[in-house]
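Numbering-wise, UniProt numbering puts 199 at position 199 of the first sequence, and it's gapless, one number per residue.
Positions of the beta carbon are idealized from the N, C-alpha and C atoms, including for glycine.
All values derive from a computational prediction rather than experimental measurement.
A short worksheet on the structure shown next.
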Amino acid sequence: MRTSWADSVASAEAENVGSASSDNNGVGSTARPTKSTYIPPHLRNRHQSSEPAAPSLSGPPSSNDRLGFGGSASGSRIGGSRQDHGRSGGYGGGGRSGGWNNRGAGWDRGRDERLNPFGNDDDASVQEEFVEQENTGINFDAYEDIPVETSGDNVPPPVETFAKIDLGKELNANIRRCKYVKPTPVQRHAIPISLAGRDLMACAQTGSGKTAAFCFPIISGIMRGGHPQRPSRGLRTVYPLALILSPTRELSMQIHDEARKFAYQTGVKVVVVYGGAPIGQQLRELDRGVDILVATPGRLVDLLERARVSLQMIRYLALDEADRMLDMGFEPQIRKIVEQTDMPARGIRQTMLFSATFPKEIQRLASDFLSNYIFLAVGRVGSSTDLIVQRVEFVHEADKRSHLMDLLHAQKANGVHGKQALTLVFVETKKGADALEHFLSMNGFPATSIHGDRTQQERELALRSFKSGNTPILVATDVAARGLDIPHVAHVINFDLPNDIDDYVHRIGRTGRAGKTGLATAFFNEGSMSLARPLADLMQESNQEVPDWLVRYASRAAYGGGRNRRSGGGRFGGRDFRRESSFNRGGAADYHGGNNNHGGNNNYHNSGGPSNNNSGGGGGYGPSAWD
DNA sequence: AAAAAAT
Numbered sequence: 001m002r003t004s005w006a007d008s009v010a011s012a013e014a015e016n017v018g019s020a021s022s023d024n025n026g027v028g029s030t031a032r033p034t035k036s037t038y039i040p041p042h043l044r045n046r047h048q049s050s051e052p053a054a055p056s057l058s059g060p061p062s063s064n065d066r067l068g069f070g071g072s073a074s075g076s077r078i079g080g081s082r083q084d085h086g087r088s089g090g091y092g093g094g095g096r097s098g099g100w101n102n103r104g105a106g107w108d109r110g111r112d113e114r115l116n117p118f119g120n121d122d123d124a125s126v127q128e129e130f131v132e133q134e135n136t137g138i139n140f141d142a143y144e145d146i147p148v149e150t151s152g153d154n155v156p157p158p159v160e161t162f163a164k165i166d167l168g169k170e171l172n173a174n175i176r177r178c179k180y181v182k183p184t185p186v187q188r189h190a191i192p193i194s195l196a197g198r199d200l201m202a203c204a205q206t207g208s209g210k211t212a213a214f215c216f217p218i219i220s221g222i223m224r225g226g227h228p229q230r231p232s233r234g235l236r237t238v239y240p241l242a243l244i245l246s247p248t249r250e251l252s253m254q255i256h257d258e259a260r261k262f263a264y265q266t267g268v269k270v271v272v273v274y275g276g277a278p279i280g281q282q283l284r285e286l287d288r289g290v291d292i293l294v295a296t297p298g299r300l301v302d303l304l305e306r307a308r309v310s311l312q313m314i315r316y317l318a319l320d321e322a323d324r325m326l327d328m329g330f331e332p333q334i335r336k337i338v339e340q341t342d343m344p345a346r347g348i349r350q351t352m353l354f355s356a357t358f359p360k361e362i363q364r365l366a367s368d369f370l371s372n373y374i375f376l377a378v379g380r381v382g383s384s385t386d387l388i389v390q391r392v393e394f395v396h397e398a399d400k401r402s403h404l405m406d407l408l409h410a411q412k413a414n415g416v417h418g419k420q421a422l423t424l425v426f427v428e429t430k431k432g433a434d435a436l437e438h439f440l441s442m443n444g445f446p447a448t449s450i451h452g453d454r455t456q457q458e459r460e461l462a463l464r465s466f467k468s469g470n471t472p473i474l475v476a477t478d479v480a481a482r483g484l485d486i487p488h489v490a491h492v493i494n495f496d497l498p499n500d501i502d503d504y505v506h507r508i509g510r511t512g513r514a515g516k517t518g519l520a521t522a523f524f525n526e527g528s529m530s531l532a533r534p535l536a537d538l539m540q541e542s543n544q545e546v547p548d549w550l551v552r553y554a555s556r557a558a559y560g561g562g563r564n565r566r567s568g569g570g571r572f573g574g575r576d577f578r579r580e581s582s583f584n585r586g587g588a589a590d591y592h593g594g595n596n597n598h599g600g601n602n603n604y605h606n607s608g609g610p611s612n613n614n615s616g617g618g619g620g621y622g623p624s625a626w627d
């Protein structure tokens, strides 16, 4: 256990710096810092602090026994930083003034097919020699300890290596380029299930190779199935074969960037569409052909209504952050897309739902989209949030700002190279985000913000500025809570706690990624009473120190948790709701000990899929924290 | 009550 939060931050920073620099050595291309031209108001007309010299590596990553996940996660992290590099290259040419250069620089004039998403130094065969070096020290045996649960009819057995899955030559080359040596647990289980043509509901932490888990089978399947003759209903209508939906624009962009790497030189075309950006460019992309369409719901509905997209040929449907996609705000839109368009019915298309959390009410809704599906839950190495130190502090509303500054100030003093660790600060409201960003900026803390009232340009700029370290503090609403893979976030601060414990789980999952440690601090007060019990339970389950005062509030909290019922039942959705009859309260220990991997095939007999729902109460405590 | 997502 760490003795103070400052130590934790310092340690998290040290690890981040350490691994960042080794990435650079390995890839040899990201050394140049990504510079953003965004200057926070309080820094304008000042000298930019000079870029630090090569940071002295302060201590090797500790607790590498957990790096089993780091192996996989590391792959995607490396991918991420290279992607950043590619982008910054694009910007480098044109400067930062253009709002839409994200698309513009790298995507104009149909060159994307030839454009190498891995960077110019790419060569699959050359990369191979890096693979062994880069993964030295990763304990792949740690994979074996990850609890896995599957249920459903005739679950296909997992695979141990990519070589044992016949994904095709081109895809294999891309897997090498991504430096994925061994499939992650979710990939080992989900890919065979998906290749067998089965529907799937999967719980797995983000950063665990989830995107690849659904992209590989889709790409492989499209290559196998060939490119069928599309109907010629209208010249302007396009007929994608696969649809991937996600709840935020940034997440859609991230999925698209990854999918494009996986599809490189396969002839499979990936296009992303989302709102807030001019539609013209997206239409032009579509006109060039699309096999896999990545989309946010609103823009897709728009395109469907314009008859520019038809879902008639969809063979694969994937929902990322599926529980979010099916909650109150999104459900009607998703239902419209899935059930009231020309999309083939469930059982004809193949449907895959992925999320880190999966409350049972949402599982029930989701089962409408699935046919005789397999439920898969993959946990972390060891207990839940081992890599994330969670702290909760009682801070009155009026004291939050000064308390935040105390934290940030101490962090600054502990900075490994005079630079602040990346800190993500979550607040409840968009106005609150603006106000806090302004406050921090006025007080000498370079901050930016991301929320739904900012323009898409501003959102993307904020994210880049944060990732690059230019503004190492990002104030965010829940728009940034899910799925986003931001390397090197050392500290997540819940300035305002969410009302839903699942949101808390997603938020803190922005740190502690890629096998690194992370710190999560929550400001708790009278306003967050409804979260007292679920938060105390969660922290307890993940072996965190729970303050006495929180335990007292938790025991005082009304039984049933009021409006948190949604998540009160199966907090981490770690169990198939179809099994609720096998009531399993206090099952965390069972879970870890009992349903072990190695095929993890419980062969729960599901006679006929979603209709025989079991709405039994309570139960279903999964292990802690799926991301 | 808030956030996200089309214009």
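Assigned with DSSP and collapsed to three states, G483 falls in coil, not helix or strand. M529 and A557 do touch by the CB rule: their CB atoms are close to 7 Å apart, below 8 Å.
Annotation for L283: the continuous alpha helix (DSSP H) segment containing it runs I279 to D287. Per DSSP, C203 lies in no alpha helix (DSSP H); the unbroken beta strand (DSSP E) holding it starts and ends at L200 to C203. Here A173 carries a helix assignment [DSSP, helix/strand/coil]. The distance from the Cβ of I508 to that of A520 is about 4 Å, consistent with a contact at the 8 Å cut-off. Looking at the backbone, the Cα of D502 and that of L303 are separated by about 32 Å. Just so you know, the alpha carbons of T357 and N470 end up roughly 32 Å apart. Distance from the CA atom of I450 to the CA atom of A421, rounded to whole angstroms, is 18 Å. Distances from the CA of F524 to each of V392, L407 and Q544 were compared; the closest alpha carbon is that of V392. Counting C-beta pairs closer than 8 Å gives fewer than three between the region 188 to 196 and the region 404 to 412, which falls short of the contact rule. Counting along the chain, no alpha helix (DSSP H) covers L241, and no H or E run does either. When the alpha-carbon of H396 is set against those of G527, R533, L370 and L535, the nearest one is in G527. For S355, the enclosing beta strand (DSSP E) stretches over residues Q350 to S355.
Beta-bridge partners of Q390 (DSSP): A520. With contacts defined as CB atoms closer than 7 Å, A263 and I219 qualify as a contacting pair. The Cβ atoms of S441 and A447 sit closer than 7 Å to each other.
Beta-carbon to beta-carbon, P240 and I279 are separated by about 17 Å, too far to satisfy the 8 Å threshold.
Beta-bridge annotation (DSSP): R346 is paired with R349. Beta-carbon to beta-carbon, A295 and S252 are separated by about 6 Å, close enough to satisfy the 8 Å threshold.
According to the DSSP secondary-structure assignment, E149 is paired through a beta bridge with A377.
For T448, no alpha helix (DSSP H) run applies; the uninterrupted beta strand (DSSP E) run containing it begins and ends at A447 to I450, by DSSP. In the displayed model, F426 falls within a strand according to three-state DSSP.
Spanning the alpha carbons of L424 and R578 requires a straight line of approximately 37 Å. Here the alpha carbon of A398 sits roughly 14 Å from the alpha carbon of A435. Under the three-pair Cβ rule at 8 Å, the region 242 to 252 counts as touching the region 297 to 315. Under a 10 Å Cβ-count criterion, R510 is classified as buried, with 16 or more other Cβ atoms of the shown protein chains found around its own Cβ.
Shortest Cα-Cα distance from K210 to any of Y180, D406, P498 and S355 involves S355. Its chain contains T211, I244, S246, V294 and D320 as the residues whose beta carbon lies nearer than 7 Å to that of I255, once the 5 sequence neighbours on both sides are disregarded; these appear in chain order.
A Cβ-Cβ distance of about 16 Å is found for the pair E437 and V492, leaving them out of contact under the 8 Å criterion. With a contact defined as Cβ atoms closer than 8 Å, P231 and P192 miss out at about 32 Å. Between Y373 and L484, the CB-CB gap reaches or exceeds 7 Å. In this structure, the beta-carbon distance from L376 to A202 falls below 7 Å. The C-beta separation of V290 from K261 comes to about 17 Å, leaving the pair out of contact by the 8 Å criterion. Rounded to the nearest whole angstrom, the CA to CA distance from A554 to Q390 is 17 Å.
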